[in-house]
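Notes follow the structure.
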Amino acid sequence: MAQENRLQKFKLTEPALCIGGILQIELLGGVQKQEMDGLFYICASHVQVVGRPLSEAFDVEIYDPSGKFTLKYLHRGYQCQSPVVAPEGLGADTASWMHSGARSIEQMIIERLLGAATEND
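Numbering (UniProt numbering), first residue to last: 1 to 121.
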């Protein structure tokens with residue numbers, strides 16, 4: 001972040017898999033210098049969260065509150081084509097991007113799971 005008081009996009013360090021779905025978080029804001037200590041603080045002025053559940057091809061089994069889980073791929077001749085519903089206020093372009101991005105992520109997960117299964121067989 002630039003240390004100036006203007007609207008900036010925050011970049012999250014790395015993507016993460018949300019248990020049970022795919023989540024995109026957009027934060028807009030800037031840094032603000034506090035007069036009492038002279039330090040810069042990050043101020044978020046806009047937060048938008050868009051998400052959707054994983055397709056029926058996946059299931060998550062959570063073992064305990066510590067966060068241990070297993071992501072299961074349920075092979076049923078499934079094609080990644082689960083529908084995406086855009087939240088109110090989002091345009092068709094955003095919904096289309098979410099749908100293609102979600103299908104790409106689902107396909108990547110399937111390939112990883114199947115690749116790991118064939119390597120271990």
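No residue lacks a Cβ here, since even glycine has one placed at the ideal position from N, Cα and C. Bear in mind the structure is a predicted one, so any value in this text is a computation, not a measurement.
**Message:** Can you find the residues in the same chain that come closer than 7 Å, C-beta to C-beta, to K9, ignoring five residues on each side of it along the sequence?
**Reply:** L28
**Asked** Between which two residues does the beta strand (DSSP E) carrying D64 extend?
**Response** Counting along the chain, D64 falls outside any beta strand (DSSP E), and DSSP gives it neither H nor E.
**Asked** Going by C-alpha distance, which of V49, E61 and E26 is nearest K72?
**Response** E61
**Asked** Since Q24 contacts G51 with CB under 8 Å, what's their CB separation in whole angstroms?
**Response** 7 Å
**Prompt:** Counting along the chain, where does the beta strand (DSSP E) carrying S45 start and finish?
**Reply:** F40 to P53
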